[in-house]
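In the numbering used here, the protein residues as written are 96 to 462.
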């Protein structure tokens, strides 16, 4: 009996505490028919930490929110980065974007074109990437001048009418090849393949893809790099990796009548599956890379020397093997892999608050 009374007392206390809790805020912002595209993705290789996640993209003609939930594959990465739940909100009507960290409940505000005044191409040229980013400079830098000896971009139709992720889609395989030489004729070779499965806006999906198309057209007209045809297929992080292999290519080669633009113009419709792989074999400027790695720290242009030094003598052999994998010395392993698969796409009512930063989040920086 005493036991029963104790349970009753505990229940009464719990109810009392519940009654004193903060009431849930009711979202009364208007409901708006919104394109909602859900996808899963995988990132692998050596440029970014191995991870997998889910992405939900909410789109109206003048605004878009991309919600990302990321889980890192390695224990070390999980300890460093923890659980990641972020959102990128682009507001064409305000000429702003917000980078929101839901885990830390803070955000950064930037102009619509990005948080840097420079394009990705200019950042690579000036070497102004952030300290955390590993940047490959195909030009070789001032210490070792390199020239592009081969540049090609092609798109080949492969398959038609296959059902991919529940969508009827056509396959196109793009290949981007670049070879650079140093003054001694030694070469850095890079091949990037992009496997696209594109679906057309059939009557059932017309509204979903129509809204996305309106936003994409409006966005590309508004931002500085509107002429870059690759930016519409990838998120900022992945697009930066794509841009890394072409830092010494004139920007005009991605504009107007370039072979890149001509090739990508074949990709009609909307991607429901993308697989990107970057293969690299770097043999140029070896002496300069060794000199750079001797100064300490990690130099992405010489991962063999850098990782060997950082690991110490006991782990040097293992580190060198890992670094050779990184740049593809005799191995058929990609430096970077990105796989993106749409799982659902529909138009559904969403609150207007979906495109706003939560009121209780802290502004960390305004750029």
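All C-beta atoms in this analysis are idealised placements derived from N, C-alpha and C, irrespective of residue type, glycine included.
All figures in this text were calculated on a predicted structure; none of them were measured in a lab.
- Annotation: the continuous beta strand (DSSP E) that includes residue 182 extends over 179-186.
- Listed in chain order, the non-local C-beta contacts of residue 147 below 8 angstroms within the same chain comprise 135, 136, 137, 138, 165, 166 and 168, local neighbours out to five positions each way being set aside.
- With a cut-off of 8 angstroms on Cβ pairs, the segment 431-440 is in contact with the segment 363-379, counting three or more such pairs.
- A distance of 8 angstroms or more separates the beta carbons of residue 203 and residue 455.
- DSSP places residue 141 in no beta strand (DSSP E); its state is neither H nor E.
- Taking 8 angstroms as the upper bound for CB-CB distance, residue 178 and residue 154 are not in contact here, some 25 angstroms apart.
- Under DSSP, residue 205 takes part in a beta bridge, and its partners are 192.
- Out of 286, 288, 287 and 305, the CA that lies nearest to the CA of residue 295 is found in 305.
- By the C-beta criterion, the segment 357-364 is judged to be in contact with the segment 245-260, since at least 3 inter-stretch pairs fall below 8 angstroms.
- For residue 265, same chain residues with a beta-carbon under 6 angstroms away, outside a window of 5 residues either side, are 255 and 293 in chain order.
- In the DSSP assignment, residue 302 falls outside any beta strand (DSSP E) and within the unbroken alpha helix (DSSP H) covering 301-317.
- For residue 268, the closest alpha carbon among the candidates 286, 275, 123 and 276 is that of 286.
- Taking the CA atoms as reference points, residue 270 sits about 45 angstroms from residue 125.
- Per the DSSP secondary-structure output, residue 456 pairs with nothing in a beta bridge.
- The three-state secondary structure of residue 378, taken from DSSP, is coil.
- Boundaries of the beta strand (DSSP E) harbouring residue 163: 158-167, taken from the DSSP string.
- Checking the DSSP bridge columns, you'll see residue 264 partnered with 257 and 294.
- In the same chain as residue 439, and ignoring 5 residues on each side of it, the C-beta atoms closer than 6 angstroms to its own belong to 133, in chain order.
- Just so you know, the alpha carbons of residue 128 and residue 277 end up roughly 55 angstroms apart.
- Residue burial is scored here from C-beta neighbours: residue 245 has fewer than 16 other C-beta atoms within 10 angstroms and is therefore classed as exposed.
- With a contact defined as Cβ atoms closer than 8 angstroms, residue 122 and residue 446 qualify at about 5 angstroms.
- Here residue 452 is near residue 184, since their CB atoms are less than 8 angstroms apart.
- When the beta-carbon positions are compared, residue 260 and residue 442 stay at least 8 angstroms from each other.
- In the DSSP annotation of this structure, the continuous segment of the beta strand (DSSP E) that includes residue 443 starts and ends at 431-446.
- Annotation for residue 354: 248 place their beta carbon closer than 6 angstroms to its own, counting only its chain and skipping 5 residues before and after.
- Note that the C-beta distance between residue 194 and residue 207 is not below 8 angstroms.
- Rounded to whole angstroms, the gap between the alpha carbons of residue 131 and residue 170 is 32 angstroms.
- The three-state secondary structure of residue 355, taken from DSSP, is helix.
- Take residue 144, set aside five residues on each side of it, and the residues of its chain with a beta-carbon closer than 6 angstroms to its own are 167 and 172, in chain order.
- Assigned with DSSP and collapsed to three states, residue 172 falls in helix.
- The distance from the Cβ of residue 200 to that of residue 457 is about 7 angstroms, consistent with a contact at the 8 angstroms cut-off.
- For the pair residue 380 and residue 273, the CB atoms are not nearer than the 8 angstroms cut-off.
- By the neighbour-count criterion, in which 16 or more other beta carbons inside 10 Å mark a residue as buried, residue 449 falls on the buried side.
- Here residue 462 carries a coil assignment [DSSP, helix/strand/coil].
- Selection 119, 281 and 140 evaluated against residue 377 yields 281 as nearest (Cα-Cα).
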